[in-house]
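Residue numbers (my numbering), protein chains in the order written: chain G, 2 to 164; chain W, 2 to 164; chain R, 2 to 164; chain X, 2 to 164. What follows is a single structure, written as C-alpha cells, with notes after it.
Below, the structure written as C-alpha cells:
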C-alpha cells in the first residue's frame with residue numbers, strides 16, 4: 002500500500018449549510034473528510050489549506066499549493082479542489098513540474114447535502130492513485146479518471162466527462 | 002478508460018430494512034448500485050446474480066460466478082460480495098485461473114442504512130481497477146487494496162486490514 | 002381525526018441544491034412534503050401555491066393565500082412558510098379574520114439537506130392542530146407552539162422561541 | 002407551553018446496526034432522541050428505562066413503567082415503545098388509572114436507518130400532547146392520533162391505522 006496524502010483546498014466538496022445566513026459556505030475545516038474517514042474505517046492523512054471556493058482561488062493560492070506539494074515527503078497526493086477551476090490549477094501544477102503522482106478530485110454536490118457523489122469521487126481517486134505507476138497530474142471525477150488534459154467539466158451536463 | 006463490469010452477488014452491501022418483518026434482508030435487485038450510479042453521475046454496467054448473504058453462498062453459486070466471468074466479454078470485473086466468505090470465493094476464482102482482472106468489494110454497513118462505506122469501497126475498487134495493469138484477483142475494502150491473499154476481514158475490528 | 006389541509010407556500014423547508022448553479026433554490030413543487038408523506042405512511046392533503054422564498058413574499062401573495070384559505074372547505078389548515086416573514090403573514094391572516102384554525106410552520110434547514118428539523122416542525126404542527134379546539138392563528142416551530150403573537154424567530158440563535 | 006417528559010422504553014425507534022454482528026439491536030441509550038433533540042433545536046426532557054424490544058417487554062417492565070409515571074412530577078408524558086405490544090402496555094397503564102395525559106409513540110423504521118418516520122411520530126405526539134386538555138392514554142403513529150383503543154397496528158399494511 003502506498004502512503005497517500007489528501008490536500009483539501011476547499012470547493013463544493015466541503016460546503017455546509019449555515020441556517021443563520023440561510024446559505025452555503027465552504028467549511029474551513031475538514032469535517033466532511035474526517036467523517037468520511039471514520040465511516041470508511043480507514044485513516045486518511047489529511048492536510049487542510051486555502052479553504053476557498055474554486056472561483057476565489059488565486060495564483061497566490063496556487064503557488065501555496067505547489068510549495069506545499071514540493072515540500073511534502075509524500076509522492077502520492079490527492080487534491081480536493083473546487084470544480085470550476087480544477088483544470089487551471091492542474092495546468093499550473095503541471096508547469097511546476099513537481100515529478101509526483103497527483104490526482105485532483107472534488108464534488109458537484111456537497112458531502113454535507115448528500116455524501117454519495119463526494120465519497121465516490123474521493124474514493125475512486127484513492128483507488129486510482131494506489132495502482133498508478135507513473136508521476137503526472139490526473140483528474141478523477143464522476144467515474145472518469147485520466148491525465149488532467151483528458152477530463153473536463155461539462156457545465157451543461159453538470160458533470161465531468163472524458164475528452 | 003477501461004470497460005468495467007460490476008457483478009453484484011448480494012451481501013451486506015445490498016441489505017435493506019423490511020418494516021413488516023422488522024429485519025434486514027438482501028435486496029435481490031441492485032437498487033443500492035443503481036442509486037449510487039445515478040448520484041455519481043456515472044453509468045455503471047451492472048450484472049445481478051445469486052443475491053445471497055455471504056454465509057449462504059454455496060460452491061454451486063461460486064461455479065455460477067466463475068462461469069459468468071469466463072463467458073463475459075469484460076476483462077475488468079468488480080464483484081460485490083458478502084464480507085464473511087469473500088476470501089473463499091476469491092480463492093475459488095483463483096483456482097479457476099480465468100486470466101482476468103477481478104476486484105472484490107462489499108460493505109460492513111448496508112448502503113441503505115448509511116451509504117458512505119459501501120460507496121467508498123465500491124468506488125475505490127473502481128478507481129483501482131482503472132489503473133491496474135495485471136490480471137489477478139484483488140480485494141478493495143476500507144481503503145486497503147491488494148491481491149486477495151494480502152487483505153482479510155478482521156472480525157474483532159469489524160473491518161478489512163492488510164496482512 | 003380532523004381533516005387537515007397543508008398549504009405549501011415555499012420557504013427554506015422546500016429548498017433544494019442545484020448542482021449546475023451550485024446554489025440553493027425553492028422547489029416549486031412539493032417533493033419534500035410528498036417524500037415525508039410517503040415515509041410517514043400517512044396520506045397528507047397538500048396544496049401548492051406561491052412557491053417563494055420568505056423575503057420575496059408580497060402582499061399580493063398574502064392576498065392569494067387568504068383567498069385560498071377562505072374558499073377552502075377545510076377548517077384546519079397548516080401553512081408551510083419561509084421563516085423570515087412568517088409573523089407578517091400570520092398578522093395579515095389575523096386581520097383577515099377567517100375564523101379557521103391555522104398553524105404556521107416551516108424550517109431553518111431544508112428538508113433535502115437534513116430532513117429531521119423540517120419533519121419535526123411539520124409533524125408537531127400536525128399533532129398540535131389535531132388537538133386544538135379553538136380557531137386562531139398559531140405557529141409551531143422548534144418544539145415551541147402557541148398563538149402566533151407568542152412565538153418568534155430569534156435571528157441570533159437561529160431558531161424560534163417562546164415570548 | 003406544557004412541561005413534557007419523554008420516557009424511552011426501547012423498540013424499533015431506537016434500533017441501530019451493529020456491523021460486527023451484522024444485525025440490528027436496541028440501543029440501550031437514547032442516541033436517536035438526543036440527535037433529534039439537537040437537530041430540532043429543542044431541548045427534550047428524556048428519561049431512559051427498560052431499553053427492550055417490544056416482544057421482550059414483560060409485565061415486570063410494565064410495572065416499572067407505571068411506577069415511573071406515578072412517581073414523576075410530570076403530568077404530560079410521551080412514551081416511546083415498541084410497536085408490537087404498544088396496545089398491551091397502553092391497556093396496562095389504563096388499568097393503573099394514573100390520571101395523567103400519556104401519548105404512546107414509536108416507529109416502524111429505526112431512526113438510525115431513516116429518521117423521517119420516527120421523527121414524524123415523536124413530533125406529532127409532541128404537538129398533540131401540547132394541545133390535549135384531558136388526561137387519558139393516547140397513541141400517535143403514522144399521522145393517526147386518538148385514545149389508545151381507537152388506534153392499532155395493521156400488521157399487513159405495516160403501519161398504524163384508525164379503528
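We put the CB at the ideal spot given by N, CA and C, even for glycine.
Check, Outcome
"Integer Cβ distance of residue 26 of chain W from residue 16 of chain W, believed to fall under 8 Å", "7 Å"
"Minimum Cβ-Cβ distance from residue 51 of chain W to chain X less than 7 Å", "no"
"Cα-Cα separation, residue 50 of chain X to residue 107 of chain X", "15 Å"
"C-beta neighbour in chain X for residue 107 of chain W, strict 7 Å", "no"
"Chain R contact residues for residue 114 of chain G, given Cβ-Cβ distances below 8 Å", "18, 113, 114"
"Contact list for residue 128 of chain G against chain R, beta-carbon separation under 8 Å", "Ordered by position in chain R, no residue passes the 8 Å Cβ test against residue 128 of chain G, which lies about 23 Å from the chain."
"Chain-ordered residues of the region 128-152 of chain X with a beta carbon less than 8 Å from chain R", "128, 129, 130, 131, 132, 133, 134, 141, 143, 144, 145, 146, 147"
"Identity of the residues DSSP links to residue 141 of chain X by a beta bridge", "X/146"
"Nearest-angstrom Cα separation, counted from residue 120 of chain X out to residue 122 of chain R", "10 Å"
"Residue 68 of chain X, buried or exposed, once every other Cβ within 10 Å from all chains shown has been counted against 16", "exposed"
"CB contact below 7 Å: residue 11 of chain R versus chain G", "no"
"DSSP-derived helix/strand/coil call for residue 77 of chain X", "strand"
"Rounded straight-line distance, which links the Cα of residue 30 of chain X to that of residue 54 of chain W", "30 Å"
"Residue 28 of chain X - containing beta strand (DSSP E), residue span", "That residue, residue 28 of chain X, is in no beta strand (DSSP E); it is neither H nor E in DSSP."
"For residue 149 of chain X, the nearest candidate out of X/116, X/95, X/101, X/130 (CA to CA)", "X/95"
"Proximal chain R residues relative to residue 23 of chain G, where beta-carbon distance stays under 7 Å", "13"
"Burial state of residue 118 of chain X (16 or more Cβ within 10 Å)", "buried"
"6 Å CB neighbourhood of residue 12 of chain G in its chain, flanking five on each side removed", "55, 82, 83, 107"
"Partner residues on chain W for residue 159 of chain X, Cβ-Cβ distance less than 8 Å", "20, 21"
"Within 7 Å, strictly: CB atoms of residue 46 of chain G and residue 76 of chain G", "no"
"Residue 129 of chain W and residue 33 of chain W closer than 7 Å at C-beta", "no"
"Cα-Cα separation between residue 9 of chain X and residue 66 of chain X, rounded to whole angstroms", "10 Å"
"CB contact below 7 Å: residue 117 of chain X versus chain W", "no"
"is_contact[residue 110 of chain X, chain W] using C-beta, thresh 7 Å", "yes"
"Cutoff 7 Å: residue 163 of chain W Cβ touching any chain G Cβ", "yes"
"Within-7 Å CB hit, residue 84 of chain R to chain X", "no"
"C-beta neighbour in chain G for residue 34 of chain W, strict 7 Å", "no"
"Beta strand (DSSP E) segment containing residue 117 of chain G, residue limits", "Per DSSP, residue 117 of chain G belongs to no beta strand (DSSP E); it is in the alpha helix (DSSP H), 116-132."
"Residue environment, residue 63 of chain R, which counts as buried when at least 16 other CB atoms sit within 10 Å", "buried"
"Assigned exposure category for residue 157 of chain G - 16 Cβ within 10 Å defines buried", "exposed"
"Among G/88, G/143, G/151, G/163, nearest to residue 42 of chain W - alpha-carbon criterion", "G/143"
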